[in-house]
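One structure below.
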Amino acid sequence: MLIINEHLSIADTELQETFIRSAGPGGQNVNKVATAVQLRFDLGANSSLRADQKVRLRKLAGHRLTKDDVIVIKSDSHRTQSANRDAARRRLAQLIREALPVPVRRIATRPTKGSVKRRLDNKRKQGLKKADRKTIQTDD
């Protein structure tokens, strides 16, 4: 059971783990033992997340999301299979946690009179500065 927060958890049956040879630390052992983990989470088949949360999760997953709507997380930074497994599960849980809250909608506001005045004053000064750089035409 992968616990996301106090209200949400993902069953182990929804997660698929594959152990592969690692490119990380481990010396000669790295060529013999499959310590890296590839964690797959089928987002389309999941029923514990709401549709809006799935949309945000798809956006956050980025390159980790396959065409089959599966999130793939690979971990090979540790020397042991169990440490890599825990790291991949932590990363998936963190990714799901980031997708859960509904983003606050920005309310458009008008600029204050003071900010408009300052912007126009700076714009006028900048224009005068550039106008002073022009060459003066003389009648000869």
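Start counting the sequence shown at 94; every next residue gets the next number (my numbering). Note that the Cβ used here is the ideal one computed from N, Cα and C, for glycine as well.
Check: Could you check whether Arg133 and Val165 sit closer than 8 Å to each other, using their CB atoms as the reference points?; Outcome: yes
Check: Look at the alpha carbon of Leu108 and the alpha carbon of Ile200, and state the distance between them as a whole number of angstroms.; Outcome: 39 Å
Check: Which complete alpha helix (DSSP H) runs does the region 106-157 hold, if anything under 4 residues is left out?; Outcome: 144-154
Check: Taking the straight line between their C-alpha atoms, what separation do you get for Lys152 and His171?; Outcome: 28 Å
Check: Can you give me the C-alpha to C-alpha distance between Leu136 and Asp162, rounded to a whole angstrom?; Outcome: 6 Å
Check: Rounding to the nearest angstrom, what Cα-Cα distance links Lys160 and Pro194 in this structure?; Outcome: 25 Å
Check: Are there 16 or more other CB atoms within 10 angstroms of the CB of Thr228, so buried, or fewer, so exposed?; Outcome: exposed
Check: Between Ala127 and Thr202, what straight-line distance do the alpha-carbon atoms span, to the nearest angstrom?; Outcome: 56 Å
Check: What residue range does the alpha helix (DSSP H) around Lys218 cover?; Outcome: Lys206 to Asp225
Check: What three-state label does DSSP hand Ser168 in the structure shown?; Outcome: strand
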